[in-house]
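In my numbering, the protein residues as written are 3 to 183.
Okay, here's the thing in structure tokens:
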């Protein structure tokens with residue numbers, strides 16, 4: 003690889019990293035707004051003197067709908083970031099193996115058909131905040147209808163078990179990364 007090609011490859015990587023960072027920023031903003039919406043709905047659920055009072059079922063359905071909408075928005079943001087990550091991997095491989103550089107291909111990376119959302123659906127960690135949010139919506143709406151301390155503990159324990167089973171591999175990876183003395 004020529005020195006000019008290496009500089010151009012580094013420039014492309016820098017630009018792609020900016021794109022990835024911008025997409026991640028949008029993702030976190032979407033998650034923040036989801037929790038704002040769910041918080042506002044919870045206030046309406048438990049408000050006794052508010053302008054809008056929701057029943058438990060209204061809260062559940064509005065919360066679930068909000069979670070689905072925000073999850074789809076995040077999916078649309080994650081797919082271009084995944085393409086940029088894949089292109090960075092390709093360029094880094096070219097630099098490491100000292101093969102000819104085929105770029106810059108920033109515009110071509112995002113041309114239609116741009117991405118496959120199904121591949122993003124398979125990433126379990128993407129769903130963690132939405133599963134937790136849905137669990138919170140279920141618990142809050144259920145507690146509003148029948149507040150029994152024993153049942154609340156049972157539901158929270160059951161949700162914790164479901165979350166652990168759903169995300170066991172990432173949890174195991176984190177636990178394995180902790181040094182043992």
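For glycine and all other residues, C-beta sits at the position ideal for the given N, C-alpha and C.
Remember, it's a predicted structure, so these values are computed and weren't measured experimentally.
- By the Cβ rule, the region 56-65 counts as touching the region 37-48, because three or more pairs are nearer than 8 angstroms.
- For the pair residue 17 and residue 108, the CB atoms are nearer than the 9 angstroms cut-off.
- For residue 65, the enclosing alpha helix (DSSP H) starts and ends at 58-99.
- Per DSSP, residue 51 lies in no alpha helix (DSSP H) segment and is marked neither H nor E.
- Contact check between the region 89-96 and the region 48-55: fewer than three CB pairs, one atom from each, fall below 8 angstroms, which does not count as touching.
- Taking a cut-off of 8 angstroms on C-beta distances, the region 122-136 touches the region 71-81, as three or more cross pairs fall below it.
- Just measuring C-alpha positions, the residue of 110, 69 and 97 sitting nearest residue 5 is 97.
- Counting the other Cβ atoms within 10 Å of the Cβ of residue 85 gives 16 or more, which makes it buried.
- Within the model, the alpha-carbon separation for residue 44 versus residue 55 is close to 10 angstroms.
- In the displayed model, residue 103 falls within coil according to three-state DSSP, outside both helix and strand.
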